[in-house]
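In this note's numbering, the protein residues as written are 1 to 400.
Positions of the beta carbon are idealized from the N, C-alpha and C atoms, including for glycine.
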Ligand SMILES: Cc1cc2nc3c(=O)[nH]c(=O)nc-3n(C[C@H](O)[C@H](O)[C@H](O)COP(=O)(O)OP(=O)(O)OC[C@H]3O[C@@H](n4cnc5c(N)ncnc54)[C@H](O)[C@@H]3O)c2cc1C
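In structure tokens form, the structure reads like this:
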């Protein structure tokens, strides 16, 4: 098994050029490492629509020097609001204004996910120490006595002093650590954008709003300096439970959301329907590093999107792995072990809370009435439920 190799001039190999992989490449290059990013797709691109970035991620993006570019295309909402999906009643909100920014040291941002990827990509392209290689599907990765090796589907192979598997939910690299499989939640998500002036019903343009209801929710917020409007519909599919192949199709979407309030029904005709995302996560694992090979982002800890933290945690990982290399410059194996010790505990808590948050959003019956009452009486200045997530912390500290 590989050991040490801290003094090696070999690059760090990053498998996967999504948000997590590119953020890690950029962070590691800032610490003086050469990095090679091996991406399966022919281009570095993100499909999908909006992305919410909480201050635990925007603090890292600020320290990477990307905030000016994010400011040009992102939106800085004033409030996160929860409403009921059936009756459009206000439940609670979180003020994201100056007090929030002071408290957490960075803003809450919403932006198009491809805008973030483009900013990360440009940041990487500006670094001579980062080599970006699209069209490279990794099939095998191995520790070697003097580092690591990655073998591609096209027969080429790459050597490095360390390898970071940032290859997403269906990770190939993860198979080295676990024989687990993604867990299908039975929920499906539709999302898309429209020009804001064409949106048939939108919430106040300085808010991110989630309408929550029994087995479904709907989210709206503006993107791209307010010119685009993002919409997401999520529902639990009965067709999935019945084992139907075409589960969660657009007819089922119409049927499930037909019970929602007028605002949602007016907004829905312009919701993107050409693609849908079945919602998966995995059980947390406590070991994702062997020798000089580790995982990052969805490959390590895929989560349901209800806390809007999957990309945020991948960005935290990028900072944490950079810090670990800074603290252990002479021993790659120990740097990765240090990264794993801190991140497995933190991200397991986020994964589990994402599920719980989904259960709370989608509950029905007496539970729903109790939840609504609790939210309605919540003090909007109460940060006790998010401090652990958004608050400043040493990302290598071993605590949840
Ligand atoms: C509906 C929805 C809404 C969401 N909303 C939010 C949100 O508001 N905020 C938030 O923080 N998160 C959100 N997320 C989660 C977020 O999108 C993901 O957590 C994040 O994109 C993960 O990034 P990643 O780089 O780890 O993985 P990915 O984005 O999956 O990137 C993996 C990359 O690896 C490449 N790859 C795969 N296999 C190989 C291989 N064998 N060899 C080489 N390359 C390979 C892929 O092509 C891809 O480019 C949401 C998710 C969903 C589904």
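Suppose the cutoff is 7 Å on Cβ atoms and the five residues either side in sequence are ignored; what does the same chain contact list for residue 288 look like? 177, 294, 295, 300, 340, 344
- beta-carbon residue 220 near ligand 1 non-hydrogen atom, thresh 7 Å: No.
Under a Cβ-count criterion, where at least 16 other Cβ atoms within 10 Å of its own Cβ denotes burial, should residue 220 be classed as buried or exposed? buried
* If you run the structure through DSSP and keep just helix, strand and coil, what is residue 312? -> helix
May I ask you to check if the CB of residue 211 is nearer than 7 Å to at least one heavy atom of ligand 1?
Relative to ligand 1, the beta carbon of residue 211 is positioned no closer than 7 Å to any heavy atom.
query = Does DSSP put residue 375 in a helix, a strand or coil?
reply = helix
Residue 397 versus residue 309 - alpha carbon distance: C-alpha separation (whole angstroms): 19 Å.
Residue 211 by DSSP, collapsed to three states: which one?
-> In the structure shown, residue 211 sits in a strand (DSSP, three-state: E or B).
DSSP-derived helix/strand/coil call for residue 158 = strand
- residue 266 to residue 165, Cα distance in whole Å? 43 Å
| Endpoints, the beta strand (DSSP E) within which residue 95 is located | 90-95
**Message:** Using a 10 Å radius around the Cβ and a threshold of 16 neighbouring Cβ atoms, would you call residue 170 buried or exposed?
**Reply:** Counting Cβ neighbours within 10 Å, residue 170 comes out exposed, since fewer than 16 surround it.
Requested in this report: State yes or no: is the C-beta of residue 235 within less than 8 Å of the C-beta of residue 117?
Outcome: Not closer than 8 Å, so no.
Distance cut-off 7 Å: residue 253 Cβ against heavy atoms of ligand 1:
no
Taking 7 Å as the cut-off, is the C-beta of residue 388 nearer than that to any heavy atom in ligand 1? no
Margin query: Distance check for residue 273 and residue 15, CA to CA, integer angstroms please.
Written below: 31 Å
Exercise. Under 8 Å, do residue 49 and residue 193 count as touching if we go by C-beta distance?
Worked result: yes
Using the rule of at least 16 other Cβ atoms within 10 Å of the residue's Cβ for burial, across every protein chain shown, is residue 2 buried or exposed?
Note that residue 2 scores 45 on pLDDT, short of 50, meaning its location in the model is unreliable; the coordinates nonetheless yield the value given after this. Under this definition residue 2 is a buried residue.
Between the beta-carbon of residue 200 and the beta-carbon of residue 270, is there less than 8 Å? Their beta carbons are under 8 Å apart, which means residue 200 touches residue 270 by this criterion.
Using the C-alpha atoms, what's the distance from residue 155 back to residue 365?
Cα to Cα, residue 365 sits roughly 57 Å from residue 155.
DSSP beta-bridge partners of residue 152:
Beta-bridge pairing links residue 152 to 138.
Next on the checklist: Please report the distance separating the alpha-carbon of residue 391 from that of residue 352.
Outcome noted: 18 Å
(message) Here's the rule I'm using: 16 or more other beta-carbon atoms within 10 Å means buried, otherwise exposed. How should residue 56 be labelled?
(response) Burial call: buried.
State whether the region 102-112 contacts the region 65-80, with contact taken as three or more CB pairs (one from each stretch) at a distance under 8 Å.
yes
Cα-Cα separation between residue 32 and residue 63, rounded to whole angstroms
16 Å
Report task. With DSSP as the reference, label residue 230 as helix, strand or coil. Result -> strand
Review point. If we count the other Cβ atoms within 10 Å of its Cβ and call it buried at 16 or more, is residue 139 buried or exposed?
Key: exposed
Problem - Inter-residue Cα distance where the pair is residue 98 and residue 324 - result: 32 Å
Discussion item. Quick check on residue 143: buried or exposed, where buried means 16 or more other Cβ atoms within 10 Å of its Cβ?
Written reply: buried
**Item:** Expected contact under 8 Å - CB spacing of residue 319 and residue 60 to nearest Å
**Value:** 4 Å
task = Let me know the secondary structure DSSP gives residue 288 once reduced to three states.
result = coil
Between the Cα of residue 283 and the Cα atoms of 307, 276, 181, 317, which residue gives the shortest distance? 181
TODO: From the DSSP output, read off the bridge partner residues of residue 191.
DONE: Residue 191 pairs with 232.
Notebook entry, point to check: Who does residue 278 pair with in a DSSP beta bridge?
Noted result: 188
Quiz item: Quick one, which of 291, 65, 378, 20 has its alpha-carbon nearest residue 147's?
Solution: 291
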